[in-house]
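Accompanying notes for the structure given below.
Written out as structure tokens, the structure is:
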């Protein structure tokens, strides 16, 4: 019986070749599998990376906030900007206010002019009624003035009246009011030298000096029941 060595060698070669082919295939399959795993992991973890998500959300939020602020600013600007109709109404209101102010000013000036004219007319009437006498037995008297238009200056006091010579008292103030009416001097225009009894309970005498001219005057007053103090005579004198 003869042995066929060539036949056995051929089987061994085929087996060895098959093993090599299987190993190569297994290696290739493993490489492909690893590649797939790596690729899947990269895609999965890259998509769900928290840092990336936070950055994307932050960028989106900042963009939305910026757009919201821009829209709000534009809306405020549009609301703040007056329309043509509002501007016209504002201008009309300003012109009306200016016109009203001018009319009020003109009215005040006219009223003031009328009051001054009335006062001038009153003064002229008083002057025309004032009687002046330069004949006096007293060498100290320069001239004497009387006026039938002089009347009592009014009073807030009740009867029976008591003459008071205390500065600041209502009776004192009413005496000075009558002095100023007769001399046409305001309280700042003269210096009061004396204010006292004129010889009776219901008469008084005031001595004053005109600050601007230096002229000296004596003003004689008498009390009118329920009506106040009335000037009766004014003397311009050389000295007080």
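Residue numbers (the UniProt record's numbering): 1 to 240. Note that beta-carbon positions come from the ideal geometry of N, C-alpha and C, so glycine has one too.
- [ ] Would you kindly check if the distance between the Cβ of residue 224 and the Cβ of residue 206 is under 7 Å?
- [x] Reading the chain shown from its first residue, position 206 is the one you call residue 206. Reading the chain shown from its first residue, position 224 is the one you call residue 224. The answer is no: Cβ separation not under 7 Å.
Task: Among 151, 132, 165 and 170, nearest to residue 158 - alpha-carbon criterion - done: On the chain shown, residue 158 is found 158 positions in, with the first residue counted as 1. It is 170.
Open item on the list: Spatial neighbours of residue 17 within its chain, please: C-beta separation below 7 Å, excluding the five flanking residues on both sides.
Closed with: Taking the chain shown and counting its residues from 1, one reaches residue 17 at position 17. None.
Open item on the list: Using only the alpha-carbon positions, how far apart do residue 22 and residue 29 sit?
Closed with: Here residue 22 corresponds to residue number 22 of the chain shown, with the count starting at 1. Here residue 29 corresponds to residue number 29 of the chain shown, with the count starting at 1. Computed Cα separation, rounded: 10 Å.
TODO: Indicate, with yes or no, if the ligand MG has a heavy atom lying under 6 Å from the CB of residue 177.
DONE: This structure simply doesn't include the ligand MG, nor any ligand for that matter.
Task: Close beta carbons around residue 193, own chain, < 7 Å, minus the five adjacent residues each side - done: Sequence index remark: in the chain shown, residue 193 carries index 193 (1-based). Same-chain partners within the cutoff: 207, 208, 209 and 240.
Open item on the list: Do residue 231 and residue 182 have their beta-carbon atoms positioned less than 7 Å apart in this structure?
Closed with: If you number the chain shown from 1, residue 182 lands on position 182. If you number the chain shown from 1, residue 231 lands on position 231. Their beta carbons are under 7 Å apart, which means residue 182 touches residue 231 by this criterion.
Task: Option in 135, 147, 196 and 154 with minimal Cα separation from residue 165 - done: In the chain shown, residue 165 corresponds to position 165, counting from 1. Among 135, 147, 196 and 154, the Cα nearest to that of residue 165 belongs to 196.
Open item on the list: Restricting to Cα atoms, I'd like to know which of 162, 160 and 204 is closest to residue 176.
Closed with: The sequence position of residue 176 within the chain shown is 176, counting from 1. Of 162, 160 and 204, the residue nearest in Cα terms is 204.
Task: CA-to-CA distance, residue 188 to residue 229, given in whole angstroms - done: The residue labelled residue 229 in the question sits at position 229 within the chain shown. The residue labelled residue 188 in the question sits at position 188 within the chain shown. If I take the Cα positions, the gap works out to 21 Å.
Task: Proximity winner among 190, 160, 233 and 214, relative to residue 201 (alpha-carbon distances) - done: Position 201 of the chain shown, counted from the first residue, corresponds to residue 201. Of 190, 160, 233 and 214, the residue nearest in Cα terms is 160.
Open item on the list: Runs of 4 residues minimum, wholly inside the region 169-216: which ones carry the alpha helix (DSSP H) assignment?
Closed with: 170-183
Open item on the list: In the DSSP output, which residue or residues are listed as bridge partners for residue 144?
Closed with: In the chain shown, residue 144 corresponds to position 144, counting from 1. Its beta-bridge partners are 133 and 235.
Task: Euclidean distance between Cα positions of residue 217 and residue 101 - done: Here residue 217 refers to the residue found at position 217 when the chain shown is read from its first residue. Here residue 101 refers to the residue found at position 101 when the chain shown is read from its first residue. Approximately 46 Å between the Cα atoms of the pair.
Task: Cβ distance (whole Å) where residue 130 is taken to contact residue 233 below 8 Å - done: For the purposes of this step, residue 130 is taken as the residue at position 130 of the chain shown. For the purposes of this step, residue 233 is taken as the residue at position 233 of the chain shown. So it is not a contact: roughly 11 Å between Cβ atoms.
Open item on the list: Given a cut-off of 7 Å on the beta-carbon distance, is the pair residue 155 and residue 174 in contact?
Closed with: Working through the chain shown from its first residue, we reach residue 155 at position 155. Working through the chain shown from its first residue, we reach residue 174 at position 174. In this structure, residue 174 lies closer than 7 Å to residue 155 by Cβ.
- [ ] Quick one: grab the DSSP three-state call for residue 159.
- [x] If you number the chain shown from 1, residue 159 lands on position 159. The answer is coil: DSSP assigns residue 159 none of H, G, I, E or B.
Task: Beta-carbon proximity check, residue 141 vs residue 235, cutoff 7 Å - done: In the chain shown, counting from the first residue as 1, residue 141 sits at position 141. In the chain shown, counting from the first residue as 1, residue 235 sits at position 235. Closer than 7 Å, so yes.
- [ ] Go ahead and label residue 168 buried or exposed: buried means 16 or more other beta carbons lie within 10 angstroms of its beta carbon, across all protein chains shown.
- [x] Position 168 of the chain shown, counted from the first residue, corresponds to residue 168. Exposed is the call here.
Task: Burial state of residue 198 (16 or more Cβ within 10 Å) - done: Position 198 of the chain shown, counted from the first residue, corresponds to residue 198. The residue is buried, with at least 16 neighbouring Cβ atoms inside 10 Å.
TODO: Would you kindly work out how many angstroms separate the C-alpha atoms of residue 147 and residue 213, rounded to a whole number?
DONE: To locate residue 147, count along the chain shown from 1; it is residue 147. To locate residue 213, count along the chain shown from 1; it is residue 213. In a straight line, the C-alpha of residue 147 is about 22 Å away from that of residue 213.
- [ ] On the DSSP bridge assignment, give the partners of residue 165 in chain order.
- [x] Position 165 of the chain shown, counting from 1, holds the residue named residue 165. Partner(s): none; residue 165 has no beta bridge.
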